[in-house]
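In this note's numbering, the protein residues as written are 1 to 544. Glycine included, every Cβ here is placed at the ideal spot set by N, Cα and C. Below: the structure, in structure tokens.
Here it is as structure tokens:
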């Protein structure tokens, strides 16, 4: 893990002064929507719009048509977005004579057509949608909103887009939809659009994780990579080995199997996968708190003891238990930053290495491949950090997904050998690097260096990583947002759409950051020198 570098204090002071000067300029100008821009984040694949402003009925009804019309996920999703859209127009005003009661609205019904009768959530599930905001036809002056999709998850993405088209008007005290009629045909560029959350360095309560999942859905991210355990703490309950969570920080900073199941079910209702990570053989010191035999010695507490059958029996038990919780087909086995020298300095491990004609690097390969075999036997596809590929690519199971993090260049090498890859270049997509500005995140390209179209298809997508050494409940959302949104658009929108709107990205990102805040997400100012810093002075959300 890279550590943050400290910048000279005078630079920060100068930036504060510049920000204070800019606020006086902004006070005189105010924020006005640029009507030539599309305030949808991430940008859709294809769209056309008009110039009419419509009103949306706060009693907006839902009409479900097609094979998937009875799914609970869809009905709950519609109610959830209805609460978001009409948050400010609900309730009774004490100033009844001042409240404008409208009896006729332009849009009073949402029609959703779902062509599939399956709600299975798998990697690559069809998330495409077509959204129409158009007149009903004939002599009628009424308008209709229609979302046509193949799956309920496409419907959820379409509802998110519809919600972003709607805005509360404080003058009329009604929800309006501008630039109608709309035609939006949209689909994601990559199947895997992830956010890693580390709950080992700091514990996050279940409700906080749920709020993060909610915020992910607003940017159409669809994979929560749950880095549950690490050397610092083991907070997850494992019924087969109940002493493992003795490695939690405290008895209050734990996740029961019921907690984990709730998180997975909650995420599914937002169309979000949860990929668990159990990092082996390194990053595992906390395991030995409950089961000291996993430590090679008291002075060598990680990597796990490669010589004992008990180590692999326990790993198999962990996998069996959590397979019941995590249905997602990808499972992360870690494999990074393994201090193999520790094995060579432990007498019984050193003897085992000699007996098996191995060097420590061979034992590292042996351990990773054995863990892969166990995961595959549980019907998982293994994901490993790129060190495993760098060390023994020729021995990895062909199903392996290589997870890049050590700078650029890993994905081109991985796909050249036929492996799938996930892009998370730590130079740009590690959110704990607070001095990486949104522009660098936005301009990072997962397919850089891969020109062959068939090889490009092996890049599943990418993931921004929220490591939590210096993050907890008090600052996690403002560290994630709005910079994660920059990666979200890179992963969803086509390169053509992005290049066409590149000059106006900052204006749109300001707007999306404020949308997040209106929805209760503590998104930090966009242009701070260090991410997650509070504003340096008074100003509009739309300029910070």
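Spell out the partners DSSP gives residue i in its beta bridges.
i, result
"residue 143", "135"
"residue 37", "Answer by DSSP bridge pairing: none, since residue 37 is not bridged."
"residue 276", "226"
"residue 45", "In DSSP, residue 45 forms no bridge with anything."
"residue 194", "223 and 463"
"residue 422", "403 and 461"
"residue 384", "402"
"residue 166", "177"
"residue 63", "111"
"residue 52", "180"
"residue 129", "149 and 186"
"residue 236", "255"
Contact check, residue i vs residue j under 8 Å by CB: the rounded distance?
i, j, result
"residue 478", "residue 517", "Residue 478 to residue 517, Cβ: 10 Å. No contact."
"residue 185", "residue 45", "6 Å"
"residue 374", "residue 316", "5 Å"
"residue 408", "residue 425", "5 Å"
"residue 466", "residue 74", "No, residue 466 and residue 74 are not in contact; Cβ-Cβ is about 29 Å, not under 8 Å."
"residue 296", "residue 282", "That pair is no contact at about 12 Å."
"residue 318", "residue 164", "Contact flag wrong, Cβ pair sits at about 41 Å."
"residue 241", "residue 314", "6 Å"
At the 8 Å Cβ level, is residue i part of the contact set with chain B, yes or no?
i, result
"residue 409", "Protein chains in the displayed structure number just one, and chain B is not present."
What is the DSSP secondary structure of residue i, counted as helix, strand or coil?
i, result
"residue 184", "strand"
"residue 463", "strand"
"residue 254", "coil"
"residue 110", "strand"
"residue 615", "Only positions 1 to 544 of the chain appear in this structure, which leaves residue 615 out of reach."
"residue 302", "coil"
"residue 331", "strand"
"residue 263", "helix"
"residue 294", "helix"
"residue 427", "helix"
"residue 337", "coil"
"residue 160", "helix"
"residue 349", "helix"
"residue 269", "coil"
"residue 516", "helix"
"residue 149", "strand"
"residue 26", "Annotation note: pLDDT 37 at residue 26 (below 50); position unreliable, no value reported."
"residue 314", "helix"
"residue 321", "helix"
"residue 544", "coil"
"residue 21", "Unreliable positioning characterises residue 21 in this predicted model, as indicated by a pLDDT of 39, which lies under 50. A coordinate reading is not provided."
"residue 241", "coil"
"residue 444", "coil"
Considering only residues of the same chain and omitting the five flanking positions on each side of residue i, which have a CB-CB separation below 8 Å?
i, result
"residue 418", "398 and 458"
"residue 71", "114, 119 and 152"
"residue 28", "Caution applies to residue 28, whose pLDDT of 36 falls short of 50 and renders its modelled position unreliable; the value that the coordinates give is listed next. Correct list: empty, nothing qualifies."
Who are the Cβ neighbours of residue i in its own chain at under 7 Å, not counting the five residues just before and after it?
i, result
"residue 388", "335, 368 and 396"
"residue 386", "402, 403, 404, 405, 406 and 410"
"residue 470", "432"
"residue 54", "106, 107, 143, 176, 177 and 180"
"residue 351", "none"
Can you tell me whether residue i is buried or exposed? The criterion is at least 16 other CB atoms within 10 Å of its CB, across all chains shown.
i, result
"residue 546", "This structure cannot settle anything about residue 546, because the visible part of the chain is limited to 1 through 544."
"residue 209", "buried"
"residue 83", "exposed"
"residue 301", "buried"
"residue 182", "buried"
"residue 534", "exposed"
"residue 252", "exposed"
"residue 372", "buried"
"residue 201", "buried"
"residue 491", "buried"
"residue 524", "buried"
"residue 348", "exposed"
"residue 305", "buried"
"residue 332", "buried"
"residue 204", "buried"
"residue 35", "exposed"
"residue 228", "buried"
"residue 104", "exposed"
"residue 545", "Examination of residue 545 is not possible in this model, given that the chain is present from 1 through 544 alone."
Closer than 6 Å by C-beta to residue i: which residues in its own chain qualify, once you throw out the five before and the five after it? Chain order, please.
i, result
"residue 439", "none"
"residue 47", "184"
"residue 52", "180"
"residue 168", "88 and 175"
"residue 259", "206"
"residue 468", "198, 201 and 202"
"residue 510", "526 and 542"
Say the cut is 7 Å; is the CB of residue i nearer than that to a heavy atom of the ligand MG?
i, result
"residue 533", "This structure lacks the ligand MG; in fact it carries no ligand of any kind."
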